[in-house]
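Chains as they are written, first to last, in my numbering: chain A, 80 to 446; chain B, 80 to 446.
What follows is a single structure, written as structure tokens, with notes after it.
Next comes the structure, spelled out in structure tokens:
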């Protein structure tokens, strides 16, 4: 959260629910995994980061218990994370060079493989609701005169579309918090000092930069249900340096690797070979990002007794940043677990990684 | 070009030069392949489409002969295509719902694997120059205070960045042509008629839509030089329905498939299995797009005599749209060849495909 950013794109804090029942009434099972960013989480604010994750998990589980679909649960959790002033999304996002707040958000449905995203959107409290609305509008089929519905909108056009589709506007100044404003001033000062030290031969231009980075398809999130080709349903969300996530297509790469037998080993290799040592980032001295991953096998294991045959969910996170805050919860849990994962002492952020995770047996969804 | 579009993003018309010499002075070899869109090209304007491709090839070859790098040749060709009022890029782009011109452009360097892109940019005559500038700025390394340079900018921020980096602004009204204005009026009328026919229960909102579609990483263009993992250097550019190109990541998929032995068969299968029949577009009745592909083997074939050992370039195009206009030229050619490929009579656009191509032996670059 504290690191200097060169734009104010708000990284999305995505959550995934494993909820593959086709029938709403049956879909009472489910598991959610969220993150509150890969970056640096100070000990002094640890409680707030964890609380945001806990609340997000609870929102998603409430949706699932009420028969909501996975994307509805995801959106509910993301609203909670965007509303927290401690996450770099929605309320309290980092400001851009011009002192404005511009946000990104994306959401993907593993069943229909539909995708909705907004980039560099201003004046909307919950960008994820716009991304989700784009996704649901696209699922309705073509627009008038055979036009194909958009899946990705940016800037002023994204804001206008949102408002015309009933998403309420929010004055931009209400989205800045004392934390985000003081971080902006601190970072701006750092930049000015660095530029004074510079020889003056290469003056950096202080222009506005509207970036729509995390919202890039395949980079910020991915979800793909099991099918003929895929043994596992997978869901991935990333966080970190937008340029690094884009150029390695980290979310999609991690999702693809999750079809291997050993999830932990596969994610470790992906983070090492497709991220830290990626040929697409050969000249970067530090590669900064993190990922949360869920997977669930479509086949119940035949050796188990019928009572134990709920699906097995494997959940993992890995990051090269100093820390990553995560939360997770199944529908059968009474409350969410949260955790701030940190790189081991003595390791170098951007060159080393941490990886952790667990498994959860869901109760059968047709009990 | 005539088809109704639901936004005015200007698809980029990318060209690729095979030019893998590390030393500028040696880089006198090369081959360029361009397209002027996959869509519908009327017979009445065939000459103009072909002329734009011819000029673009010539510009690129001139750059290569003068010792320019591949990306410089690509940018020069693209400026020519953007300046043509007959292509849906730059000057004469389709207008968006609000009657404005917003353009996309992206460029990728197969050697450094750097990438630059702009989305929904207004008031800039040649968006490719901004994409190229983003790419070249990123290659210089970090900005002041350790900030990572952006690779993708959108909307007003992209325009402001461009102007502050010396790219001249251009009044938006100068970018519309009589063709683009009459197409806008015609399409708007079609839409209004379609909405009147509609029951009125689901009125389509007439909001602005700023989409940054073709500029999505992996969707509009891809370039990757041969390396330990890849036998072939590949370069791909796509055109067509932005949403279809994004959700199938068509450029990257086609590039990856080009490592197979039989390029023609590989592209045919990719267009069939990863595009027309893609699970990501399962509910689309028509999948509309086209692709141009270049590949070049890094190993000279040992059975040939030294005089014949210039690299062999394979070039292909394939499309599901009614037509696609292409042009190609090697540095040793006196002029470019151009061609409008059309689906065979009786086939259905969006469900069938055309595929064509050729090979070219370049003269050795160290003669």
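Ideal Cβ positions, reconstructed from N, Cα and C, are used throughout, including at glycine.
All figures in this text were calculated on a predicted structure; none of them were measured in a lab.
Could I get the ranges of all uninterrupted beta strand (DSSP E) runs contained in the region 304-370 of chain A, with 3 residues as the minimum, in chain order?
Every beta strand (DSSP E) stretch that sits fully inside the region 304-370 of chain A and reaches 3 residues is listed by chain position as 311-319.
Inter-residue spacing [alpha-carbon to alpha-carbon] between residue 150 of chain B and residue 187 of chain B:
Approximately 8 Å, taken between the alpha carbons.
Contact set for residue 324 of chain B: own chain, Cβ-Cβ below 6 Å, skip 5 residues either direction:
298, 317 and 368
What are the boundary residues of the alpha helix (DSSP H) that includes residue 410 of chain A?
Premise fails: residue 410 of chain A is in no alpha helix (DSSP H) and is neither H nor E.
In chain order, which beta strand (DSSP E) runs of at least 3 residues are fully inside the region 197-266 of chain B?
231-233
To which residues of the same chain is residue 440 of chain A closer than 6 Å at the C-beta, ignoring the five residues directly before and after it?
389 and 391
Report yes or no: is there a C-beta of chain A within less than 7 Å of the C-beta of residue 236 of chain B?
yes
Go to residue 430 of chain B, then tell me how far its alpha helix (DSSP H) extends in each direction, as first and last residue.
Looking at the DSSP string, residue 430 of chain B is not in any alpha helix (DSSP H), and its letter there is neither H nor E.
I want to see whether chain A comes within less than 7 Å of residue 182 of chain B, judged by CB atoms only; does it?
Cβ-Cβ to chain A under 7 Å: no for residue 182 of chain B.
Residues bridged to residue 194 of chain A (per DSSP):
A:187
Which first and last residues belong to the beta strand (DSSP E) in which residue 112 of chain A is found?
110-118
To the nearest angstrom, how far is it from the Cα of residue 343 of chain A to the Cα of residue 295 of chain B?
30 Å
Please list the terminal residues of the continuous alpha helix (DSSP H) segment that includes residue 157 of chain B.
First-last of the alpha helix (DSSP H) with residue 157 of chain B: 149-162.
Hey, is residue 314 of chain B's beta-carbon within less than 7 Å of any beta-carbon in chain A?
Chain A places no beta carbon closer than 7 Å to that of residue 314 of chain B, leaving this residue out of the contacts.
Residue 170 of chain B, DSSP secondary structure in three states:
coil
Around the C-beta of residue 364 of chain A, are 16 or more other C-beta atoms found within 10 angstroms, so that it is buried, or is it exposed?
exposed
May I ask you to report which of helix, strand or coil DSSP gives residue 298 of chain A?
coil
Name the chain B residues whose beta carbon is nearer than 8 Å to that of residue 295 of chain A?
231, 295 and 296
DSSP three-state label for residue 179 of chain A, please.
In this structure, residue 179 of chain A counts as coil in the three-state DSSP scheme.
Three-state secondary structure (DSSP) at residue 401 of chain B?
coil
Name the DSSP bridge partner or partners of residue 132 of chain B?
In DSSP, residue 132 of chain B forms no bridge with anything.
Got a sec? Which residues, its chain only, sit under 6 Å from residue 190 of chain B by beta carbon, not counting five neighbours each side?
Once the five neighbours on either side are set aside, the close Cβ partners of residue 190 of chain B are 304.
Does the distance from the CB of residue 115 of chain A to the CB of residue 139 of chain A come in under 7 Å?
no
Of all the options B:438, B:161, B:376 and B:397, which has the alpha carbon lying nearest to the alpha carbon of residue 422 of chain B?
B:397
Distance, Cα to Cα, residue 257 of chain B vs residue 353 of chain A?
48 Å
Pull the bridge partners of residue 420 of chain A from the DSSP assignment, please.
In the DSSP assignment, residue 420 of chain A forms a beta bridge with A:403.
Residues in the same chain with beta-carbon distance under 7 Å from residue 244 of chain A, minus the five sequence neighbours each way, listed in chain order, please.
212
To the nearest angstrom, how far is the alpha carbon of residue 315 of chain B from that of residue 395 of chain B?
For residue 315 of chain B and residue 395 of chain B, the distance between alpha carbons rounds to 10 Å.
Helix, strand or coil at residue 395 of chain A according to DSSP, with G and I counted as helix:
strand
Exposed or buried, residue 129 of chain A, counting other C-beta atoms within 10 Å across all chains shown (16 or more means buried)?
buried
For chain B, find out if any of its Cβ atoms is closer than 7 Å to the Cβ of residue 335 of chain A; answer yes or no.
no
Through-space distance from residue 192 of chain B to residue 373 of chain B, alpha-carbon basis
16 Å
Beta-bridge pairing of residue 440 of chain B - partner residues as DSSP gives them
B:391
Less than 7 Å between the C-beta atoms of residue 183 of chain B and residue 293 of chain B, yes or no?
yes
Neighbouring residues, chain A, relative to residue 289 of chain B (Cβ below 7 Å)
232, 233, 234, 235, 236 and 237
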